[in-house]
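As structure tokens, the structure follows; a few thoughts come after it.
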Ligand SMILES: NC(=O)c1ccc[n+]([C@@H]2O[C@H](COP(=O)([O-])OP(=O)(O)OC[C@H]3O[C@@H](n4cnc5c(N)ncnc54)[C@H](OP(=O)(O)O)[C@@H]3O)[C@@H](O)[C@H]2O)c1
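Residue numbers (our numbering): 32 to 293.
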């Protein structure tokens, strides 16, 4: 679909690139010639992904928790020492758990916001200060979620992702002076490893809540990430692209969730 060498010579960092959507994003960048760093907490997961992805291209590993600034600084230093620059940051790492809002503890809410909003900001700020701002060149794609009508069943991540959605717009304007584009992708319901963490009662029959009656694939999220970070999207910044087959506009998702949540 894309030119084979579209990202040749580019250095890409995909947080959470060891599984699911992040893995598919890393794989597609590698196939199009980029050097790709995948970073997350679980060393075993990253090692397994590296073994598979090195068949495709120059993939490199980093162990880092996006909630820990020191670890993100180490990651930036590692990339700087090894390859000297970064061209594209994909903020994909994240996680949440389904719960009725009234049952989420203070710590549970704080954990999701710390991971999905504050962690994403840390990574973005550190990578921008280390690479994009001095280079006067950079590209950021934030993976958020379908928050178009709120996020019933996961108020913590809805709030966190709305924060990243707004951050996408703010940074697109603040950092235009450094030639940095900032966009976001809002995936709908995607068949990926992230789904394994949800109770089967929620997943069963979930297709019925989607207009085209099927979940998205991880590649269907990866392709628009590639597009937004490519020269084909050079006049697009501050945008959130929904990759949800129109799910944000349709159906009563809360009814289905509320029946399975306590
Ligand atoms: N699947 C969907 O339907 C869907 C829809 C909307 C949005 N999303 C979002 O898309 C992203 C990818 O989801 P997925 O479905 O591919 O799930 P996944 O396989 O669970 O991917 C999440 C990745 O994030 C990493 N991660 C989580 N917390 C981290 C932290 N504190 N520091 C570093 N890495 C961390 C995990 O690796 P480690 O455990 O090794 O840290 C994992 O590789 C997530 O942000 C998810 O919330 C998914």
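Built from N, CA and C at the ideal position, the CB exists for glycine as well.
Taking residue 33 as the reference, which of 272, 261 and 111 has the closest Cα?
It is 261.
Terminal residues of the continuous beta strand (DSSP E) containing residue 42?
For residue 42, the enclosing beta strand (DSSP E) begins and ends at 42–46.
Please state whether DSSP places residue 217 in a helix, a strand or coil.
In the three-state reduction of the DSSP assignment, residue 217 falls in the strand class, which pools E and B.
How many Å lie between residue 183 and residue 131 at the Cα?
Taking the straight line joining both Cα atoms gives about 8 Å.
Under the three-state reduction of DSSP, which class applies to residue 171: helix, strand or coil?
Strand at residue 171.
Compare the beta carbon distance of residue 56 and residue 195 with 8 Å and say whether it is the shorter of the two.
Remark: C-beta atoms of residue 56 and residue 195 do not approach each other more closely than 8 Å.
When you compare only the Cα positions, how much space is there between residue 145 and residue 238?
Their Cα atoms are separated by approximately 30 Å.
What's the call for residue 127, buried or exposed, on a 16-neighbour Cβ count within 10 Å?
Buried is the call here.
Supposed close pair residue 322, residue 268 - CB separation, criterion 8 Å
Limits of the chain in this structure are 32 at one end and 293 at the other, which puts residue 322 out of reach.
Please confirm whether residue 118 and residue 41 have their CB atoms less than 8 Å apart.
The Cβ atoms of residue 118 and residue 41 lie closer than 8 Å to each other.
Integer Cβ distance of residue 180 from residue 91, believed to fall under 8 Å:
About 39 Å separates the two Cβ atoms, so there is no contact after all.
By DSSP's criteria, residue 179 is part of a beta bridge. Which residues make up the other side?
Looking at the DSSP assignment, residue 179 forms a beta bridge with 181.
At a threshold of 7 Å, does residue 284 count as lining ligand 1 (C-beta to nearest heavy atom)?
Between ligand 1 and the CB of residue 284, the shortest heavy atom gap is not smaller than 7 Å.
Helix, strand or coil for residue 97 per DSSP?
Of the three classes helix, strand and coil, the one that applies to residue 97 here is coil, per DSSP.
Could you check whether the Cβ of residue 196 sits closer than 7 Å to any heavy atom belonging to ligand 1?
No, the beta carbon of residue 196 sits no closer than 7 Å to any heavy atom of ligand 1.
C-alpha gap between residue 253 and residue 289, whole angstroms:
A direct Cα-Cα distance of roughly 30 Å separates residue 253 from residue 289.
When DSSP labels each residue in this structure, what does residue 278 get in the three-state scheme?
DSSP, reduced to helix, strand and coil, places residue 278 within a helical segment of the structure shown.
What did DSSP end up calling residue 122 once you bin it into helix, strand or coil?
If DSSP states are grouped into helix, strand and coil, residue 122 belongs with the strands.
What did DSSP end up calling residue 271 once you bin it into helix, strand or coil?
In the structure shown, residue 271 sits in a strand (DSSP, three-state: E or B).
Helix, strand or coil for residue 294, going by three-state DSSP, please let me know.
Given that the chain is displayed from residue 32 to residue 293, the structure contains no residue 294 and the question cannot be resolved.
What three-state label does DSSP hand residue 247 in the structure shown?
Strand.
Using alpha carbons as the reference points, say which of 233, 79 and 87 lies closest to residue 58.
Residue 87 is the option with its Cα nearest to residue 58.
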